[in-house]
Each structure stands twice: as structure tokens, then as C-alpha cells.
Amino acid sequence: MRRLILIAVPYLWLLAFFLVPFLIVLKIALSDYNLSIPPYTPQLDLSAGWQGIKDFYDALDFENFTFLTSDDLYWKAYLSSLKIAVISTFMTLLVGYPIAYGMAQAPDEWRPTLMMLVILPFWTSFLIRVYSWMGILSNEGLLNKFLLWTGVIDQPLIILSTNTAVYIGIVYTYLPFMILPIYAALEKLDGSLLEAAEDLGCSRLSAFWLVTFPLSRSGMVAGCFLVFIPALGEFVIPSLLGGSSTLMIGKVLWEEFFSNRDWPVASAVAVVLLLILVIPIVLFQRNQERQQEAER
Amino acid sequence: MRRFSWFNATALTLGFVFLYLPMVILVIYSFNASKLVTVWAGFSTRWYGELMRNEAFLDAALVTLKVGIVSSTLATVLGTMGAYVMIRAGRFTGRTLFSGMIYAPLVMPEVITGLSLLLLFIGIGLDRGIVTIILAHTTFSMCYVSVVVSSRLVSFDRSLEEAALDLGASPFEAFRLVTLPIIAPAVISGWLLAFTLSLDDLVIASFTAGPSSTTLPIKIFSAVRLGVSPEINALSTIMISIVTVGVIGASLVSKRAAVKRQEEERAAVRT
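First to last, the protein sequences are chains G and R. Numbering-wise, my numbering puts 178 at position 11 of the first sequence, and it's gapless, one number per residue. Numbering-wise, my numbering puts 206 at position 94 of the second sequence, and it's gapless, one number per residue.
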């Protein structure tokens, strides 16, 4: 009996506030847009019983989904989100790997402090960390002032409100998610493997490429997924640092809902975004499981 | 022999400069006397004063704190139960669905979580306000708590619990007297994580908040959309300082606790 209560409470909570809401999104994505409150015509009427389900099935036309394919805006937004997420994930890897490597090589007594320095930004408000770049990247911002002062440029660079600013924002905010798994993989690395490689005549650089780099692969893969998955649906970064030309699907969904008040299309956008995300999420899960098995 | 070359030193220095410089600049410019945020016009605490007089921000801060405390406490209770179910309850019907629902919100884009909860609240006719934000925050942060607590439960010696049960404790007493003290660090960090997530959240709160219940992130977002503002710099500095003090304090406390535990273990071995 106690066990039943223990299982039932979190189970019912998640059913009510996670699964049911998602089914509602699915239902509204299959409804029709209507100028009313709420702004859609329910096609699925459960109170009508079996007849309601039958009517719903008959009227099922995936109208909102075909609308997504007919209007340029949506598929361009999906593609551009994918592009931005892929490029910024790769850039985060390039920036994060040397930091994780440096941490793994640092003297033991530094490590707790270095760890804390990486984790601290994670506890700081995401919004504030994105915002902190607005004053740096703007036309009269500090970066431009600095570059003008050093004489590298004679015209201010336009960075804020472009995709470049979005890349910088994503790399900056998600960097700890990349560093930590790579560091975890590098830290476990057996130093005697490197010594063996060098004894056998490897240079330090080739020992790195042949031993360290392949052995940190699982950490890199985990880090890339941890950056890529949230970056794909990102809303705050493109809306604060990006410009009107920055198309990202999270922003499109937001505007579809709040500005256009088109709930069925916003729901359809959400469903398709989730379908796109299922692939990397499943791959990520596999990578984690394989890693756990390898450790056993 | 560890090789800590100049390459590693440079990578670490540049990396941490990149991570911290923007925040340091933000803190410095919050003490700028000028309203123009890019021109330095001398030291002043003017913006902190203006912030304190800004009722809208104070109200939003109060709402945010209320939501944070209530939702993270609820999330800790539910999340610990969830972790217990996943690790200890064994097999039951719908277990796969349950663990799916625990992990899915962790990777779900916030816009989708927010949209779906809003549609639920409208569907059941619940007025949007502080209650709906609390429900939404509890739901996604309980999953984080579950993950944190279950990683501790996995590494926990089950025979201790069984010994308590054999010695006549009721299952609840065994939990309260044996399990809870051992998993307490994970429960506390779960609570802190849930609290931080709630304080931080902009997207889900925007979907689920009503007109009368604006949280601090919503307020900050609508202010910075128009550009950099010195008041927001001041507010950010306050928030950054609280987090820094909190994290450093927590790590010192946990370090001291670890040292104490080691000493106790050594003393126990000696006697």
C-alpha cells in the first residue's frame, strides 16, 4: 500500500503535468485555426464519445503540418536552427577541448578550484550571461572600442544582431556543458598509456593524436549532444543577440504563439521540433549507455 | 610526472578570461555614473539606489522568490520520491513510461514545455498566475532532483536499510533515520539546483505567468530587449554576488564536512 502511494504520487504528477499537456499540444496541432477564444476549433471532442473520435479521424487532414511545408519561413527556420546548432556545437568543442585538457593536466591541488570556476557560471543566471554580451558586442560596445583603439579596424564592426553574435552567445553559455564531460573522460585517462606511447617512439603530439584524443571521444560526443540539443530550440540567445535575419525555430514558435496567436501552427511547430530532436536524444542515450557499460 | 606546459597554461588562462570577462565588465559598469552604458563617467552607486526605489522590480523579485521556494521544495519531495521509485521500487507496470517521463523534461526545449503547460492550464480553466508558474517549475525541476538523488541512491549500501528493518524499524522510520541522512547531501543539492532553475527560468515562466504575476527574469528580459540598461547591470551584479557567495560557501561547508567525516572514520577505526 505504501509502495503504491510512493509510486502513484510522482507518477500521477508527471502524467498530469508532462504527458497530458503534450497530448494536448498534439491535439491542437491537428485542429483548425479559428478567430475565437481559445483560438482554435477542437476537432477531437471526447465528450461526444466514440462518435467524437470517429469524426476526428474523418476530419484529420494534417492541415497545419502541410502549412509548415508550404510556407518558406518554417522549413528555413528549421534548417537555419540546425545549421546554427551544428556550427556552434563545433565551435564550443574547439574552445572547450583545450580548457578541459588543461584542467586534466593541472596539478591535483588546483583541480577543485578549477572545477568550481567552470561550474560557477552554470549557477549564474543564463539570461544575465547572455545579456552581458550585449554591451560588449554593440556598435559602440567595448569590443569595437578596443579594436578601434588598437588600430586593428577603423570602422566599428557590426556584430550585435547578427548570427555571429548568436554563435558567440551559444559558445559562451554552453561552454561548461562541453568542458565537464571532456574533463571527466580525460581525467580517467591512464597516464602510463602515454608513457608507453612515448617509450615506443611517439612524439608528444602524435601520442596525443593516437592515444589521448581517441580515448576522450565519449566525453566529446556527450559534450556535443549536451550543447546541440538545447541550442536547437534556443530562444533567449537569438532574441537578445540575434537580429531580424536570425531565424531560429524556438523564436518562430514563440512569435507564432504570442504575436500571431496561431495556436494550431505553434503546436505543429513544436511537434515537428520534437520529432527532429528525437534522433539526437536517442543517439545521446546510446552513447551514455555504451560509456556506462565500458566502465563496468 | 605531469606535464603542465605553457600550452595548458595559456588554454586555461584564455578559457577562464573568456568565461569571466563579460561578467566582470558587467559588474564594473554597474558602478558607472553615466546613463550611457558604454561611456565611463566615474564611480557611482546611483543605479543601485534607483533599483531599490523601483517597485516593479521589487515586486517581481518577491514573486520570483516565492515561486522559487515553493516549487523547489515541492520538486525536492516529488523528485526524491521519483528517485526512490526508480532505484528501489523494483518492477511495476509502466516503469518504462515513468523513467521516460523523468528523463524527457531534461532535454525538452523550454518553448515546448512552456507551450504545452499553458495549453493544459487553459484547457482546465486554471487562471494563470503564481500557482501556474509553481506547478510548471515543480514539474521540470523535480526531474533534475530525481536524477541527482538517484545517482546517490545507486551507490548506497542497501544492507543498512535492511538492518534497520530487521531491528524493528518501520519502513518510514528506516527511511527517516537511515536513508535520509545518507542521501541528504544529494537532496540538498537537488533543492539548490531546483531553486536556481526556478530563479533562472524565463521561457516557461513567460508562458505560464499571468499579467499580475511577473517574475524577475520576465522583467529583465523585457527591459534588456530594448538595449543595455544600467539598472539591469546593478541587478545582475547583485544576483552574481549572491550566487558567488553561495557557491563558494557551499563548497567550503562540504569540504569541511568531508574532512570531519574522514577524521571521524579514522577515530572509529582506532577505537
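The beta-carbon is built from N, C-alpha and C at its ideal position, and this holds for glycine as well.
Checking the DSSP bridge columns, you'll see asparagine 144 of chain R partnered with R/Phe155.
For the stretch 272-295 of chain G, the set of residues with a beta-carbon nearer than 8 Å to any beta-carbon of chain R comprises Gln272, Ala273, Pro274, Pro279, Leu281, Met283, Leu284, Val285, Ile286, Leu287, Pro288, Trp290, Thr291, Ser292, Phe293, Leu294, Ile295, in chain order. Taking 7 Å as the Cβ-Cβ cut-off, the stretch 183-197 of chain R approaches chain G at Leu190, Met193, Gly194, Tyr196, Val197, given in chain order. When Cβ-Cβ separations below 9 Å define contact, leucine 356 of chain G makes no contact with chain R. A Cβ-Cβ separation of about 38 Å leaves leucine 367 of chain G out of contact with leucine 131 of chain R under the 8 Å criterion. For chain R, the residues of the stretch 168-189 of chain G that bring a beta carbon within less than 7 Å of one of its beta carbons are Arg169, Arg170, Leu173, Ile174, Val176, Pro177, Tyr178, Trp180, Leu181, Phe184, Phe185, Leu186, Val187, Pro188, Phe189, in chain order.
Within chain G, the residues Arg170, Leu173, Ile174 have their CB atoms less than 9 Å from the CB of alanine 201 of chain R, given in chain order. Distance from the CA atom of isoleucine 448 of chain G to the CA atom of glycine 400 of chain G, rounded to whole angstroms, is 13 Å.
Around the beta-carbon of tryptophan 303 of chain R, 16 or more other beta-carbon atoms lie within 10 Å, marking it buried. A residue is called buried when at least 16 other Cβ atoms come within 10 angstroms of its Cβ; serine 142 of chain R meets this threshold and is buried. Here DSSP, grouped into helix, strand and coil, assigns aspartate 239 of chain G to helix. Proximity to alanine 145 of chain R across R/Pro134, R/Gly161, R/Met135 peaks at R/Gly161, based on C-alpha coordinates. Contacts with chain G at 9 Å (Cβ-Cβ) do not include serine 301 of chain R. Look at the beta carbons and you see the stretch 295-305 of chain G not touching the stretch 367-380 of chain G: under three pairs across the two are nearer than 8 Å. DSSP places aspartate 312 of chain R within a helical segment (H, G or I) once states are collapsed to three. For tyrosine 341 of chain G, the nearest beta carbon of chain R is not closer than 9 Å to its own beta carbon.
Of the other Cβ atoms in all chains shown, fewer than 16 fall within 10 Å of the Cβ of leucine 190 of chain G; this residue is therefore exposed. Annotation: glycine 194 of chain R to proline 177 of chain G spans about 6 Å, alpha carbon to alpha carbon. Aspartate 429 of chain G carries a coil assignment under DSSP once its states are collapsed to helix, strand and coil. Tryptophan 159 of chain R and asparagine 345 of chain R do touch by the CB rule: their CB atoms are close to 7 Å apart, below 8 Å. With the rule of 3 Cβ pairs closer than 8 Å, the stretch 119-128 of chain R counts as touching the stretch 260-270 of chain G. DSSP places glutamate 377 of chain R in the uninterrupted alpha helix (DSSP H) bounded by 342-382. With respect to chain R, the C-beta atom of valine 319 of chain G has no partner C-beta closer than 9 Å.
Listed by position along chain G, the residues whose Cβ is nearer than 7 Å to that of phenylalanine 128 of chain R are Leu284.
Chain order gives the chain R residues near alanine 437 of chain G as Pro221, Val223, Ile224, Leu227, Ser228, where near means a beta carbon separation below 9 Å. Against chain G, the beta carbon of serine 348 of chain R has neighbours under 8 Å at Ser292, Ile295, Tyr298, Ser299, listed in chain order.
Think of a sphere of 7 Å around the beta carbon of tryptophan 421 of chain G: the chain R residues whose beta carbon falls inside it are Val223, in chain order. Alanine 332 of chain G places its beta carbon 9 Å or farther from that of glycine 417 of chain G. Collapsing the DSSP output to three states places aspartate 357 of chain G in coil.
Residues Arg296, Pro343 of the same chain have their beta carbon placed closer than 7 Å to that of proline 288 of chain G, with the five preceding and five following residues left out of the count. The Cβ atoms of aspartate 313 of chain R and proline 329 of chain R lie closer than 9 Å to each other. Here aspartate 171 of chain R is not bridged, per DSSP, to any residue. Less than 9 Å separates the beta-carbon of valine 257 of chain R from that of threonine 192 of chain R. At a cut-off of 9 Å between beta-carbon atoms, valine 357 of chain R makes no contact with chain G. In the three-state DSSP reduction, aspartate 239 of chain R falls in the coil class, being neither helix nor strand.
Counting along the chain, glutamate 273 of chain R sits inside the alpha helix (DSSP H) bounded by residues 270-278.
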